[in-house]
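Residue numbers (UniProt numbering): 1 to 157. For every residue, glycine included, the Cβ atom is placed at its ideal position computed from N, Cα and C. Taking it in order: structure first as structure tokens, then the write-up.
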């Protein structure tokens, strides 16, 4: 997988979050709570979904599968004027990202991230930046399908 390098402006997002770890993965629970409510977000820019992770600064250099991080289920919005009750606002800071187009099952997520962080990144000339990581789940995303497609956005500097 060869990424494209993109510089993005800040984005306004609305959704739900949960604290979890890789050992205690609550991703399915998060999306089960978000998906029935996503149509309540009246000012969404598109139908794309954002699966976003906020890790502590040394999360990957001192990796422990029980260390917690915050995971979000989000959509991009035009503004924060109409946030549904119980949902939260999130501002994604601007910055440079390596964008990987991934095709395959989410069951291979650990393998894909291992390649990106342990093989591609050290050879790339870039360093991991301390900003959110996210995946854009567009119209070709099919949960747990080998035919699924998504974009994996890794913050770099």
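Which whole-angstrom value is the C-beta distance of residue i and residue j, which I expect to be below 8 Å?
i: residue 92; j: residue 13; result: 6 Å
i: residue 156; j: residue 115; result: Rounded, the Cβ-Cβ distance is 15 Å, inconsistent with contact.
i: residue 118; j: residue 17; result: The Cβ separation is near 27 Å, so there is no contact.
i: residue 47; j: residue 78; result: The Cβ separation is near 14 Å, so there is no contact.
I'd like to know whether the C-beta atoms of residue i and residue j end up nearer to each other than 9 Å.
i: residue 158; j: residue 51; result: The structure shown has nothing for residue 158, since the chain only spans 1 to 157.
i: residue 94; j: residue 10; result: yes
i: residue 152; j: residue 135; result: yes
i: residue 130; j: residue 70; result: no
i: residue 65; j: residue 106; result: no
i: residue 141; j: residue 49; result: yes
i: residue 90; j: residue 15; result: yes
Which word fits residue i, buried or exposed, when buried means at least 16 other C-beta atoms lie within 10 angstroms of its C-beta?
i: residue 41; result: buried
i: residue 154; result: buried
i: residue 125; result: exposed
i: residue 132; result: buried
i: residue 122; result: exposed
i: residue 150; result: buried
#### Entry: Segment contact, 8 Å Cβ cut-off, at least three pairs: the stretch 55-64 with the stretch 91-106
Judged by Cβ distances under 8 Å, the stretch 55-64 makes no contact with the stretch 91-106, as fewer than three pairs qualify.
### Message
Does the contact criterion of 3 or more C-beta pairs under 8 Å hold for the stretch 29-40 versus the stretch 63-75?
### Response
Taking a cut-off of 8 Å on C-beta distances, the stretch 29-40 touches the stretch 63-75, as three or more cross pairs fall below it.
### Message
My parser needs the beta strand (DSSP E) runs of 3 or more residues fully inside the UniProt domain "AraC effector-binding" (1-157); what are they?
### Response
Counting only runs of 3 or more, we get 4-8, 11-20, 49-54, 69-76, 88-92, 95-103, 133-137, 149-156.
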